[in-house]
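Whatever position you read off the sequence shown (first residue = 1), add 1 for my numbering.
Below: the structure, in structure tokens.
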Amino acid sequence: ILFRHRIWWLAQSRDQWVGSGLQDPSGRAGNYLGYTLEPRIQWVLNPNVQIEAGWVYLIKGSYIERLRELGIAGVPNADNVSYTFVQTVLKF
Numbered sequence: 002i003l004f005r006h007r008i009w010w011l012a013q014s015r016d017q018w019v020g021s022g023l024q025d026p027s028g029r030a031g032n033y034l035g036y037t038l039e040p041r042i043q044w045v046l047n048p049n050v051q052i053e054a055g056w057v058y059l060i061k062g063s064y065i066e067r068l069r070e071l072g073i074a075g076v077p078n079a080d081n082v083s084y085t086f087v088q089t090v091l092k093f
């Protein structure tokens, strides 16, 4: 069982949020993206196979709200986001 808590910022306020395409060229939106909570569990079936399942909850920071206030195109709503996943890891 694993639990992660991560806090996310842009390196600089004018940087692009990689993968989202969001950017404030003026830098006025700041750089605080938010934080994630991630509980995860692993089942080792044998030395070569394990299964992992988890949940990631993104609590959006002030950056999204400020982008919306600045009228930047393509900004999602300010609602928090929840993801679940299941994966298999094969070791050779």
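The C-beta atom is built at its ideal place from N, Cα and C for all residues, glycine as well.
- With 16 other Cβ atoms within 10 Å as the buried cut-off, status of residue 64: The residue labelled residue 64 in the question sits at position 63 within the sequence shown. Answer is buried; the Cβ neighbour count reaches 16.
- Query: So is residue 68 buried or exposed if we call it buried at 16+ other beta carbons inside 10 Å?
  - Reply: Within the sequence shown, the letter at position 67 stands for residue 68. The residue is buried, with at least 16 neighbouring Cβ atoms inside 10 Å.
- Query: With distances taken from CA atoms, which of 25, 72, 62, 31 is nearest residue 37?
  - Reply: Taking the first residue of the sequence shown as position 1, residue 37 is located at position 36. Checked all of 25, 72, 62, 31; the closest Cα to residue 37 is 62.
- For the candidate residues 75, 87, 9, 46, whose alpha-carbon lies nearest to that of residue 24? In the sequence shown, residue 24 corresponds to position 23, counting from 1. For residue 24, the nearest C-alpha among the options comes from 75.
- Task: Indicate whether residue 11 and residue 32 have their beta-carbon atoms separated by less than 9 Å.
- Result: The residue labelled residue 11 in the question sits at position 10 within the sequence shown. The residue labelled residue 32 in the question sits at position 31 within the sequence shown. It is a contact, given that the beta carbons lie within the stated cut-off.
- Item | First through last residue of the alpha helix (DSSP H) which encompasses residue 71 | If you number the sequence shown from 1, residue 71 lands on position 70. Taken as a continuous stretch (DSSP letters only), the alpha helix (DSSP H) holding residue 71 covers 63-71.
- Message: By DSSP's criteria, residue 90 is part of a beta bridge. Which residues make up the other side?
- Response: By one-based count along the sequence shown, residue 90 stands at place 89. According to DSSP, which records beta bridges pairwise, residue 90 is partnered with 51.
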